[in-house]
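Enquirer: This structure is in structure tokens; I'll ask about it shortly.
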Amino acid sequence: MWLRDSANQLQSYKPILGLRSAGKANGIASLYRGAINLQARYIRKYPYCNSFQPPPEAKIPPKHAKRDISKRADVVNPPYDPNVVFECKYELDSLAAFLQLSWDYFEVTRDLDFFLKFHWADAVKTILQLARDMSNGTYGPDGQVLKSPYTWIRDANSATEVVSNSGTGNPVAGNLGLVRSFFRPSDDATIFQYLIPANMMFSRFLKACVDIMNSIDKTVAAEMSQLAESITAAVNEHGIVDHPEYGQMYAYEVDGFGSSNLMDDANIPSLLSIPHLGYKPASDAVYKRTRDFVLSNSNPYFGFGPVLNATGGPHLGPGMAWPMGVIMQTMTSDDDDEIVHGIKQLMASTSGLGLIHESVNTHDDTKWTRPWFAWANGLFGQMILDLVERKPQLLLKSFQK
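Residue numbers (this note's numbering): 132 to 532.
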């Protein structure tokens, strides 16, 4: 169970969460509550981990990952129980996904009693402590290297599976107001650990969940609000760079020393998804310039060809565009022609299967990964529901060949 993926898959059901049938004993609301409770249980125990084994009550035996070039397990600190944890990659967006899932449920149901009964507040307190720990830089005021609260080492033959400097990552400046992330939502290692889209998402839903925490612990709620505002200010100060062609735009990653990684990855949170996250509107000037960059050949991971033109990422490499990127491009567009073109691309990229793949070769639609990618298929459903509200006339068109 990946925290991020399970939360995202439930987003597809948010539009029906408020229906009377959803509140029944076995309705969709109970699925949300179960997911929130299970995620809270895992986060309280192993907050740095991103994916988990089935809970004991499921009576499903744990499954252990096979490593590419070695039989040795990952060397991770803090250590974890492999019968509870499937993989322990610290990803800030996974914790943000828990907050988003919590907010999605509360926003529709206003079911405060649920959050009062169980250990949700304890999970949030655990997240806040981690965020404080991960706001420190590599060096102390005297130049001494600070002990990292988390390290991750794996024997691997891919750079995306390696964290440099004995599992601590490339150095970062401290006390900027940003929170470090060792991995991206693609599960790839970050180059610079201040991952801007993850900080945006974390800030956005930390702030939203203040409404829940205010009825549980006002002191913690105030801390959440302060941290969210601090991150937002830090994104504005350190996450915006001057591009020679596009002007002021968001960087994907920064280190606080002046280095930045200018790219975007299809996996959400991404720079392209900023309005989808509710962090900034699509009309925001800095976002618009960022979007222009992301959807251009200036983005090193924008794949283009006769089959699909979309963001991809290093997870599967150049030339493999992700339909998720097309979906997000469509959801952040108000241009009818761009939206129609996006839908046509999606419909033509399934190689006859009729389901959304993880990635597709930009020049050969028979070369793809995953016959059906649950997260992307759910997001496709969200896109259709979004268009029903914003552009219903476009859905009257035929997109069949």
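Every residue, glycine too, gets a C-beta built ideally from N, C-alpha and C. What you are looking at is a predicted structure, and each value in this text was computed from that prediction instead of being measured.
In terms of residue numbering, what span does the alpha helix (DSSP H) encompassing V366 cover?
Expert: K349 to H369
Enquirer: With distance defined between alpha-carbon atoms, name the residue in G158, S490 and Q513 nearest to W503.
Expert: S490
Enquirer: Within 10 Å of its beta-carbon, does Q142 have 16 or more other beta-carbons around it, so buried, or fewer, so exposed?
Expert: buried
Enquirer: On the DSSP bridge list, what partners appear for L326?
Expert: E384
Enquirer: Beta carbon of P445, beta carbon of T291: below 9 Å?
Expert: Taking a C-beta distance under 9 Å as the contact criterion, P445 and T291 qualify as a contact pair.
Enquirer: With DSSP as the reference, label D465 as helix, strand or coil.
Expert: coil
Enquirer: Could you check the C-alpha separation between S427 and N440 for me, to the nearest Å?
Expert: 10 Å
Enquirer: So, for E354: in the same chain, excluding its five sequence neighbours on each side, which residues have a beta-carbon less than 7 Å away from its beta-carbon?
Expert: Contacts found: L259.
Enquirer: For the pair the segment 302 to 310 and the segment 457 to 474, tell me if three or more CB-CB distances fall below 8 Å.
Expert: no
Enquirer: Determine the extent of the alpha helix (DSSP H) in which E520 is found, giving its start and end residues.
Expert: A505 to R521
Enquirer: Have a look at S361 and G308 and give me their C-alpha separation to the nearest angstrom.
Expert: Whole-angstrom Cα-Cα distance: 6 Å.
Enquirer: Please report the straight-line C-alpha distance between N367 and V294, rounded to a whole angstrom.
Expert: 27 Å
Enquirer: Could you pull out every residue in the same chain whose Cβ sits closer than 6 Å to the Cβ of R521, ignoring the five residues on either side in sequence?
Expert: none
Enquirer: Determine, using beta-carbon pairs with one atom in the segment 274 to 283 and one in the segment 238 to 246, whether at least three such pairs fall under 8 Å.
Expert: no
Enquirer: Where are the beta strand (DSSP E) runs, 3 residues long or more, that stay fully inside the segment 469 to 508, in chain order?
Expert: 490 to 492 and 495 to 500
Enquirer: Using DSSP with H/G/I as helix, E/B as strand and the rest coil, what is Q379?
Expert: strand
Enquirer: What three-state label does DSSP hand W453 in the structure shown?
Expert: coil
Enquirer: Cα separation between N492 and F530?
Expert: 21 Å
Enquirer: Taking the beta strand (DSSP E) that E296 belongs to, which residues open and close that run?
Expert: Here residue 296 is Asn; the residue named in the question, Glu, does not match the sequence. Where N296 is concerned, there is no enclosing beta strand (DSSP E), although the alpha helix (DSSP H) it sits in stretches over S295 to G298.
Enquirer: Give me, in chain order, the residues of the same chain whose beta-carbon lies closer than 6 Å to that of T497; leave out the 5 immediate sequence neighbours on both sides.
Expert: S482
Enquirer: What does the alpha-carbon distance come out to for the pair V438 and L477?
Expert: Approximately 9 Å, taken between the alpha carbons.
Enquirer: Since I159 is in the alpha helix (DSSP H), which residue starts that stretch and which ends it?
Expert: I159 to K176
Enquirer: Could you spell out where the beta strand (DSSP E) holding I284 opens and where it closes?
Expert: That run of the beta strand (DSSP E) goes T282 to I284.
Enquirer: With a CB to CB cut of under 7 Å and the five nearest residues on each side skipped, what residues in its chain are close to G450?
Expert: G434, N492 and T493
Enquirer: State the DSSP-derived secondary structure class of Y236, mapped to helix, strand or coil.
Expert: helix
Enquirer: Is it a yes or a no for the segment 217 to 228 touching the segment 169 to 182, going by three-plus beta-carbon pairs under 8 Å?
Expert: yes
Enquirer: Quick check: the Cα distance between A287 and D205, rounded to an integer number of angstroms?
Expert: In this structure, the alpha-carbon of A287 lies about 10 Å from that of D205.
Enquirer: Can R335 and Y410 be called in contact, C-beta distance under 9 Å?
Expert: yes
Enquirer: Quick one: any contact between the segment 176 to 195 and the segment 143 to 152, if contact means 3 or more CB pairs under 8 Å?
Expert: no
Enquirer: When you compare each of Y163, P213 and K155 to N181 by their alpha carbons, which one comes out closest?
Expert: P213
Enquirer: Check for me: the beta strand (DSSP E) holding V255 runs from which residue to which?
Expert: From DSSP, V255 is part of no beta strand (DSSP E) but of the alpha helix (DSSP H) over W251 to D264.
Enquirer: Among residues of its own chain, excluding the 5 on either side of G268, which ones have a beta-carbon nearer than 6 Å to its beta-carbon?
Expert: V303, A304 and G305
Enquirer: Taking the beta strand (DSSP E) that F217 belongs to, which residues open and close that run?
Expert: V216 to E218
Enquirer: If distances are taken between C-alpha atoms only, which option among I347, Y432 and L403 comes closest to Y418?
Expert: L403
Enquirer: Give me, in chain order, the residues of the same chain whose beta-carbon lies closer than 6 Å to that of G473; leave out the 5 immediate sequence neighbours on both sides.
Expert: V457, Q460 and T461
Enquirer: Just verifying my parser: in three-state terms, what is the DSSP assignment at T291?
Expert: helix
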